[in-house]
Structures are given as structure tokens and as C-alpha cells.
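K.L.:
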Amino acid sequence: MKICIVGLPLSGKSSVFGALTGASPDAAAAKGVDPVAVVKVPDDRLERLAELFEPKKKTAASIEFMELAGIAAGESNKSGFTEQFLGKLRTADALLAVVRSFRDPSVPHAEDSIDARRDLSALETEFLLSDLGIVENRIERLKKQVASKKSDRDARELAVLEKCRFLLEAETPLRRAEFKHDEEILLRGFRFLTQKPLIAAVNLDEDEIEREAEVLAPFVHLASEPRTAVIGLSARLEQEIRQLTGEEADQFRADFGIANSALDRLIATAYLMMGLVSFFTVGSDEVKAWTVSEGTAAARAASVIHSDIERGFIRAEVVSYDHFADHGNIAKCRTEGTLRLEGKEYPVRDGDIINFRFAV
Ligand SMILES: Nc1nc2c(ncn2[C@@H]2O[C@H](COP(=O)(O)OP(=O)(O)OP(=O)(O)O)[C@@H](O)[C@H]2O)c(=O)[nH]1
Ligand SMILES: [Mg+2]
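Numbering-wise, the working numbering puts 843 at position 176 of the sequence shown, and it's gapless, one number per residue.
(1) From what residue to what residue does the alpha helix (DSSP H) around MET940 run?
(2) Looking at the secondary structure, which residues open and close the beta strand (DSSP E) in which ASP870 lies?
(3) Measuring CB to CB, does GLU836 end up less than 8 Å from LEU799?
(4) Where GLU953 and VAL944 are concerned, what is the direct C-alpha to C-alpha distance, given to the nearest angstrom?
(5) My guess is that VAL1027 and GLU1009 are in contact by the Cβ rule of under 8 Å, so how many angstroms apart are they, rounded?
(6) Looking at LEU911: is its Cβ nearer than 8 Å to the Cβ of PHE919?
(7) Among the residues of its own chain, which have a CB less than 6 Å from the CB of GLN862, if the five just before and after it don't count?
(8) Is it buried or exposed, GLU905, if we count other Cβ atoms within 10 angstroms and call 16 or more buried?
(9) Measuring alpha carbon to alpha carbon, tell me which of ALA736, GLY699, LEU716, ASP760 ends up nearest THR937.
(10) ILE866: which of VAL766, SER691, THR749, GLU731 sits nearest, CA to CA?
(11) Contact check, ASP710 vs ALA727 under 8 Å by CB: the rounded distance?
(12) Start and end of the beta strand (DSSP E) containing ASN996?
(13) Once DSSP output is grouped into helix, strand and coil, what is the label at VAL971?
(14) Sorted by chain position, which residues of the same chain lie with C-beta nearer than 8 Å to PHE684's C-beta, five sequence neighbours on each side aside?
(15) Taking DSSP as the reference, what is the three-state secondary structure of SER780?
(16) DSSP three-state call for MET668: helix, strand or coil?
(17) Assign ASP771 to one of three DSSP states: helix, strand, or coil.
(18) For the segment 991 to 1004 and the segment 925 to 936, state whether three or more C-beta atom pairs, one from each stretch, are separated by less than 8 Å.
(19) For the beta strand (DSSP E) containing PHE732, name the first residue and the last one.
(20) Taking only heavy atoms of ligand 3 into account, decide whether any of them is closer than 7 Å to the Cβ of PRO772.
(21) Short check: CB of PRO980 to CB of LYS955, under 8 Å?
(22) Going by C-alpha distance, which of SER768, LYS830, ARG784 is nearest GLU803?
(23) So is GLU977 buried or exposed if we call it buried at 16+ other beta carbons inside 10 Å?
(24) Out of ARG784, LEU796, VAL813, state which residue places its alpha-carbon closest to the alpha-carbon of GLU832.
(25) Is DSSP giving LYS707 helix, strand or coil here?
(26) Per DSSP, which one or two residues make a beta bridge with SER945?
(27) Please tell me whether ALA966 and VAL959 are closer than 8 Å, where the distance is taken between their beta carbons.
(28) According to DSSP, is ILE925 helix, strand or coil?
(29) Beta carbon of LYS810: closer than 7 Å to some heavy atom of ligand 2?
(30) Run through DSSP, which three-state label would ASP1019 get?
(31) So is ALA902 buried or exposed if we call it buried at 16+ other beta carbons inside 10 Å?
Next comes the structure, spelled out in C-alpha cells:
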């Protein structure tokens, strides 16, 4: 999974990147490339499974974070938002929009005032305009195509794009819309920015941490929208905490009343919002966590491991982590009946330990 960090200039993107990944974005930025870092998704279940199987290799699920250069409001599409910038943004599975709430007069703000809600709207407007531009161009071309040559697919695409245009013109991000499965498929290739899951990261002032709920109140309605979430964090503090040892870090967090690290909270939020779950494959060679959407059919889930397993899928042997953890022994689960044989369509659940049987 790839998450792109975006935001207005000087909103704290690099600080958030540092806080989440522990990597410094400076080196990459100096070379003129976008900072990228991969972080492992912490999972106690994976640790426990590795203790039990003592595999040669333990592989956690991972998330790739990328920081994109700051863009100023109003620089959008049709001009300033370069195609190159938008292209990179479109490769993301989710967007992490950093908005500034910290005051600090030594850090300038283009608007000369601090208003996180306004800045988030400014970003969303850029995304809306960008998507609208694409939709309008495509509609124009499709209309010509449909007029000259009747094609059922073109007609259906045109219909769903008209629906998108209507929404975007009403300033509704596509995330909020319900699309039927066949519409989803027609839209997939456009990789619309307003259709991507969005996490707003409100970069809090240090003295706002204690009253986070109050500061985030203007965002509450957002968090209730589909595939949208809001978290508050102090990028600066979290970055400092990153430099500390475990014990010092715990103490530091306790002093400031920060329950969990920004990374832990962000990952939990992202998984929940995007409906992601983890399943595990185990053995003496490797114990590994995989990420799929909740309810993904077993055969489809197998394809994240290898397309051959999906093609030659016979059965999935499944036991839930909780049942397994009771015994720590697969054979025991088998005799007890908690190890089940499931077919292609079995919807994978969080914590399933799966052994795929396949033949190619
Ligand atoms: N007080 C305070 N300052 C912060 C915080 N986060 C970032 N800053 C400061 O704000 C300035 C900009 O932070 P960056 O993380 O570089 O912001 P950015 O969005 O990556 O900036 P550009 O990439 O230049 O657009 C730096 O001087 C940071 O030290 C914060 O939570 N509190
Ligand atoms: Mg930066």
C-alpha cells in the first residue's frame, strides 16, 4: 500500500514523514527526488507466530510513504498543479493531507493566518478541479465517439462520467458517492484523486494536544464520511519522540498525554477506513502478514501471493489466529475442528491463518 503525503507549503509534511517513517526526507529532497520510505505494519500476532514457527524469515505487511512537494492553493490543475505532480499523486492508494494547526510565527503561512479547515478545503478544491478537468475532457471525446460509432461500453462510460461530473460540479468528492461494481470498473483507470481514501492529519500545536477533541471538532463531520478519516498529531513532537529509546519515548508520551505513536494511530485508522484486514501464511521458511480488503474471496486473496495460486486454487485451509493461539499447534486445530476447509468464495477475515492448496 502506498500513501502519499500532500499539503500546502510548510504545513509540516516533511515532519510528518519523519515522524511516521523515522527517515529524514532531506537527503532525497536535496537530490531533487521525492522522499520515499517503507515502514513495517506492527502486528503482535505476527510476532507471536514467528516465535512459534521459528521461521527463517518473518515478513510484516508494509506501507510505503511518499512526500510530495508543497503546492500552494490556487496553483491547481489547468495551470500550476503540474501533470507530473498529479501523476504521482494518482499512483497513491490513499492520501494523507497534512494541514497546519500549529501557530509558530517563525514559520510563514501564505494566508498569514492559521485555519486548518480552510487549508483542507483548499486542497480538496485542487483535487476536485483536477478530477473535473479529466472528466470533462473524457466526456467530450466520448460524445464524439458515441455519435460516430455506437458502442455499449462507451455509452456506459459516458453515463458514469456524467454522474461524476454532476457530483464534482456540486463540490462532492467521488469518495462520497456509491458506484455499482461495473461503474467502479469503468472508473478505475482514471484514478481520481477525490475517490481515493483521504486521511486528514491535523498538525497540532504542542498546547493543543491536550484538547485535541476540541481542536478537531470542525472536522468531525468529515470523519463520518465514507473512506475519510481525521487524526491529530504534533509532527514536531512525534519526530522528536522517534529519536528516543523505547522507555524514554513512553515517558515522553506520558508527559504529553499521547497514548499511541502517530504511526500506530495512522495505521489503525488507515486499515479501518479502507476496510483492510491482515491474513497470515505460516511455515518453517517464512511467516508472513498480507493485507487485503475485508471480505476478499479466498481465491482472490491468494493472488496477492502469486497468480498461480489463484489460477490453480483447490482449497484454503483456514484457522483463525485466536483459535490457533490457544494451542500454538496446527495439528491440534485440525483434530479439534477449528481448522476448516474453505472454497474459492470464502471471505477472508482479519487474523485468518491460511494454507492455500493449489495445483498448476
Ligand atoms: N511548532 C511547530 N513547528 C512545526 C511543526 N511541524 C513542522 N513545524 C515547522 O514548520 C516548518 C516546516 O515544516 P516541514 O515539515 O518542513 O513542512 P513541509 O510541509 O514539508 O514544508 P515544504 O516541504 O517546504 O512545503 C519547519 O520549520 C518545522 O520545524 C509542529 O508541529 N510544531
Ligand atoms: Mg517538505
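C-beta atoms are modelled at their ideal positions from N, C-alpha and C, and glycine is treated no differently. On a predicted model such as this, the values are computed, not experimentally measured, just so you know.
P.N.:
In this structure, then:
(1) The sequence position of residue 940 within the sequence shown is 273, counting from 1. Segment 929 to 941, the alpha helix (DSSP H) holding MET940.
(2) Against the sequence shown, residue 870 aligns to sequence position 203. The residue asked about is misnamed: residue 870 is Asn in this sequence, not Asp. Counting along the chain, the beta strand (DSSP E) containing ASN870 begins and ends at 865 to 870.
(3) Your numbering for residue 836 matches position 169 in the sequence shown. Your numbering for residue 799 matches position 132 in the sequence shown. Against a cut-off of 8 Å, the Cβ pair of LEU799 and GLU836 comes out as a contact.
(4) Residue 953 sits at position 286 when you count from the first residue of the sequence shown. Residue 944 sits at position 277 when you count from the first residue of the sequence shown. Their Cα atoms are separated by approximately 19 Å.
(5) Mapped onto the sequence shown, residue 1027 falls at position 360. Mapped onto the sequence shown, residue 1009 falls at position 342. Their Cβ separation, rounded to whole angstroms, is 20 Å, which puts VAL1027 and GLU1009 out of contact at 8 Å.
(6) Translated into positions along the sequence shown, residue 911 becomes position 244. Translated into positions along the sequence shown, residue 919 becomes position 252. Yes.
(7) As a first step, residue 862 is located in the sequence shown; it is residue number 195 there, counting from the start. Answer for GLN862: LEU841, ARG842, listed in chain order.
(8) By one-based count along the sequence shown, residue 905 stands at place 238. Buried, because 16 or more other Cβ atoms sit within 10 Å of the Cβ of GLU905.
(9) On the sequence shown, position 270 is the one that residue 937 refers to. Reading off the sequence shown, one finds Ala at residue 937, where the question assumed Thr. Nearest of ALA736, GLY699, LEU716, ASP760 to ALA937, Cα basis: ASP760.
(10) Looking up residue 866 in the sequence shown gives position 199. Shortest Cα-Cα distance from ILE866 to any of VAL766, SER691, THR749, GLU731 involves VAL766.
(11) Along the sequence shown, one-based indexing puts residue 710 at 43. Along the sequence shown, one-based indexing puts residue 727 at 60. Their Cβ separation, rounded to whole angstroms, is 6 Å, which keeps ASP710 and ALA727 in contact under 8 Å.
(12) By one-based count along the sequence shown, residue 996 stands at place 329. Counting along the chain, ASN996 falls outside any beta strand (DSSP E), and DSSP gives it neither H nor E.
(13) Position 304 of the sequence shown, counted from the first residue, corresponds to residue 971. In this structure, DSSP gives VAL971 a state outside helix and strand, which the three-state scheme calls coil.
(14) The residue you call residue 684 lines up with position 17 of the sequence shown. For PHE684, where only same-chain residues beyond five positions count, the Cβ hits under 8 Å are ILE672, ALA690, PRO692, PRO702, ALA704, PHE732, GLU734.
(15) Here residue 780 refers to the residue found at position 113 of the sequence shown. Residue state, collapsed to three classes: coil.
(16) Looking up residue 668 in the sequence shown gives position 1. Coil.
(17) Translated into the one-based positions of the sequence shown, residue 771 becomes position 104. Note: ASP771 maps to coil in three-state DSSP.
(18) no
(19) Stepping through the sequence shown from its first residue, residue 732 is reached at position 65. Looking at the DSSP string, the run of the beta strand (DSSP E) that includes PHE732 is 729 to 734.
(20) Of the ligands this structure carries, namely ligand 1 and ligand 2, none is ligand 3.
(21) Mapped onto the sequence shown, residue 980 falls at position 313. Mapped onto the sequence shown, residue 955 falls at position 288. Checking the sequence shown, residue 980 turns out to be Phe, not Pro. It is not a contact, given that the beta carbons lie outside the stated cut-off.
(22) Taking the first residue of the sequence shown as 1, we reach residue 803 at position 136. Sorting SER768, LYS830, ARG784 by C-alpha distance to the C-alpha of GLU803 places LYS830 at the top.
(23) Start at 1 with the first residue of the sequence shown, and residue 977 comes out as number 310. Buried, because 16 or more other Cβ atoms sit within 10 Å of the Cβ of GLU977.
(24) What you label residue 832 is simply residue 165 of the sequence shown in a count that begins at 1. For the sequence presented, residue 832 should be read as Arg rather than Glu. Comparing Cα positions, the closest option is LEU796.
(25) Translated into the one-based positions of the sequence shown, residue 707 becomes position 40. LYS707 falls in the strand class under three-state DSSP.
(26) What you label residue 945 is simply residue 278 of the sequence shown in a count that begins at 1. Beta-bridge pairing links SER945 to THR958.
(27) Along the sequence shown, read from residue 1 onward, the residue named residue 966 stands at position 299. Along the sequence shown, read from residue 1 onward, the residue named residue 959 stands at position 292. In this structure, VAL959 does not lie closer than 8 Å to ALA966 by Cβ.
(28) Counting from 1 along the sequence shown, the entry for residue 925 is found at position 258. Coil.
(29) Mapped onto the sequence shown, residue 810 falls at position 143. No, since every heavy atom of ligand 2 falls outside the 7 Å radius drawn around the Cβ of LYS810.
(30) Against the sequence shown, residue 1019 aligns to sequence position 352. ASP1019: strand per DSSP, three-state reduction.
(31) Here residue 902 corresponds to residue number 235 of the sequence shown, with the count starting at 1. Buried, by the Cβ-count rule.
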